[in-house]
Amino acid sequence: MERTQFTMLGDTGSGKTCYLLAMYLKMLEGVGKFTIAIPKGDFQKEQQLARRAEMLDEEDLGVDRFPEGTNSTQKYTFNLKIAHEDVLQFDWYDYPGSVLKPSQADPAMRENLKKNLFDSSVLFICIDGAKLAGGSVDQKIRKVKKISRYVNQFLSEYREEKKYIPPIAIIVTKYDLYAQETNESELRKIFEESFQSIFSRDDTFIAIIPVSIGLEIEFDDNRGELDPINIELPIFYGIQIAIYYKQHEFENMNRNLKIEIDNNRFMRDFEKDRFFLWRSDAMINLLDQNISNYQSEIDQREQFIKTMNQYLPEIESHTDKINLQFWDGRWH
Ligand SMILES: Nc1nc2c(ncn2[C@@H]2O[C@H](COP(=O)(O)OP(=O)(O)O)[C@@H](O)[C@H]2O)c(=O)[nH]1
Ligand SMILES: [Mg+2]
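Numbering (the working numbering), first residue to last: 1 to 332.
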């Protein structure tokens, strides 16, 4: 199964863990043909995640339903399944908010974050929607900039290393708290201003996705219903981009391997045509073996590309619901 990885960053309390738990529950139920599962054998992780997710769904617990904060990095591995068949495995890295701030973070954790970010197909930036509940647009921008300045440092280093900026999904949590206070055009303005450096490029993919774990979650002392809004959109966005990248990467790999096959064929035919005394059958066999190995690698990748092409329209039908998408240097 193909693998990919996502990294999630955001302040402490911005809703990263709640997002993950609600997303897990939603995808366990399934969205269309799509479900996720924790790989077999990882019982402890599965139990821990399931318990915390179930607690979030227990209204009577009130404020105790929410996960406790942690100071460590949590890594979760999920299998994405389509019609119950494994399609893509992804690792999800949830970093504590402190990692963003050089004054607070353990340098080793920051190094680990950089490494994981470089290997991630999408960066999720979690922004606390409570910052967008009330106040003027300028005040909201100032609040978001308190996060963006730290994220920008990592993006600069990423750009230096990889020569491009990673695709980014900005998850604006707690939509229930700002739905009445901040509309879409304000969201656009707030994030364009706060993350000017990424919006001024024409090679970036950015999505802004408001999410909530329930419009009434805080009602009655946090005894409101767990009723997620848009919770599946970030993960579909991440998966869509991971698949595009994989397909692109595979096409390039296959192109190179086809050249390699031609080279091997040429050498083999040359060897075959030699005068029998100089001819090496071992060499001919080796070259034939290479050709057939390369061909089966190519076939496997082509199969993946084809299978994904079958599923992409359905994935895109979900990501089409993301109203704020920016690429080619403009909004779509
Ligand atoms: N109103 C509202 N509150 C939320 C939502 N998601 C999370 N919260 C609150 O935000 C707190 C912090 O969330 P958590 O996921 O622990 O943040 P983390 O530190 O980024 O992992 C939770 O304890 C909840 O009280 C939401 O969608 N709506
Ligand atoms: Mg957390």
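C-beta: ideal position from N, C-alpha, C; glycine also.
Relative to ligand 2, is the shortest distance from any of its heavy atoms to the C-beta of residue i smaller than 7 Å?
i, result
"Asp94", "yes"
"Val70", "Note that residue 70 corresponds to Thr in the displayed sequence, not to Val. Indeed, a heavy atom of ligand 2 lies less than 7 Å from the Cβ."
"Pro67", "yes"
"Thr182", "no"
"Thr393", "No answer is possible for residue 393: it lies beyond the span of the chain, which begins at 1 and ends at 332."
"Thr77", "no"
Does any heavy atom of ligand 1 sit closer than 7 Å to the C-beta of residue i?
i, result
"Ser212", "yes"
"Ile217", "yes"
"Lys174", "yes"
"Ser14", "yes"
"Gly32", "no"
"Leu177", "yes"
"Gly97", "yes"
"Thr17", "yes"
"Gly10", "yes"
Please look up how many angstroms separate the CB atoms of residue i and residue j, rounded, as I've assumed it's under 8 Å.
i, j, result
"Phe118", "Lys162", "7 Å"
"Asp221", "Val63", "7 Å"
"Val151", "Leu100", "7 Å"
"Met308", "Ile243", "5 Å"
"Gly135", "Asp11", "So it is not a contact: roughly 17 Å between Cβ atoms."
Start and end of the beta strand (DSSP E) containing residue i?
i, result
"Val151", "Unbroken run through Val151 is the alpha helix (DSSP H), 137-162; no beta strand (DSSP E)."
"Asn79", "74-82"
"Glu186", "Premise fails: Glu186 lies in the alpha helix (DSSP H), 184-194, not in any beta strand (DSSP E)."
"Phe90", "85-94"
"Phe326", "324-327"
"Arg110", "Element bounds for Arg110: not the beta strand (DSSP E) but the alpha helix (DSSP H), 107-118."
"Arg3", "2-10"
"Ile170", "168-172"
Going by DSSP, what residue range makes up the alpha helix (DSSP H) through residue i?
i, result
"Ile284", "281-319"
"Thr17", "16-29"
"Gly238", "233-272"
"Gln44", "43-56"
"Phe219", "219-222"
"Leu177", "175-178"
Out of the options, point me to the one whose CA is closest to residue i's CA.
i, options, result
"Glu186", "Gly69, Asp203, Leu132, Arg279", "Leu132"
"Ala37", "Asp11, Ala242, Phe90", "Phe90"
"Ile231", "Leu21, Arg265, Leu49", "Leu21"
"Thr182", "Lys272, Ser317, Ala130, Asn309", "Ala130"
"Leu9", "Gln325, Gln44, Ala169", "Ala169"
"Gly13", "Cys126, Gln48, His84", "Cys126"
"Pro166", "Pro228, Phe124, Asn252, Lys16", "Phe124"
"Pro102", "Glu85, Asp94, Ile147, Lys75", "Ile147"
"Leu226", "Asp138, Thr4, Thr7, Cys18", "Cys18"
"Asn263", "Tyr24, Ala50, Ile284", "Ile284"
"Gln48", "Ile209, Gln74, Leu177", "Gln74"
"Trp327", "Arg279, Thr204, Asp128, Phe191", "Thr204"
"Ala179", "Arg330, Leu88, Glu85, Ile229", "Ile229"
"Phe6", "Glu193, Tyr95, Gly224", "Tyr95"
"Ser72", "Tyr93, Ser120, Gln44, Glu302", "Tyr93"
"Val122", "Leu177, Tyr245, Thr35", "Tyr245"
"Tyr164", "Leu61, Ser120, Ile217", "Ser120"
Any C-beta of chain C sitting closer than 8 Å to the C-beta of residue i?
i, result
"Ile190", "The question asks about chain C, but that chain is absent: this structure has only one protein chain."
Quick check: does the Cβ of residue i come within less than 7 Å of any heavy atom belonging to ligand 4?
i, result
"Ile322", "Although ligand 4 was asked about, the structure shown includes only ligand 1 and ligand 2 as ligands."
Pairing CB atoms from the segment 107-118 with CB atoms from the segment 51-59, are three or more of them under 8 Å? no
Quick check: the segment 153-169 against the segment 183-199, are at least 3 beta-carbon pairs closer than 8 Å? yes
Given 8 Å as the limit, is there contact between the segment 265-273 and the segment 24-38, that is, 3 or more CB pairs closer than that? no
Using 8 Å as the threshold, is the segment 202-214 in touch with the segment 281-299, meaning 3 or more CB pairs across them? no
Using 8 Å as the threshold, is the segment 38-45 in touch with the segment 71-83, meaning 3 or more CB pairs across them? yes
If contact is defined by three or more beta carbon pairs under 8 Å, each pair taking one atom from either stretch, is the segment 234-249 in contact with the segment 300-320? yes
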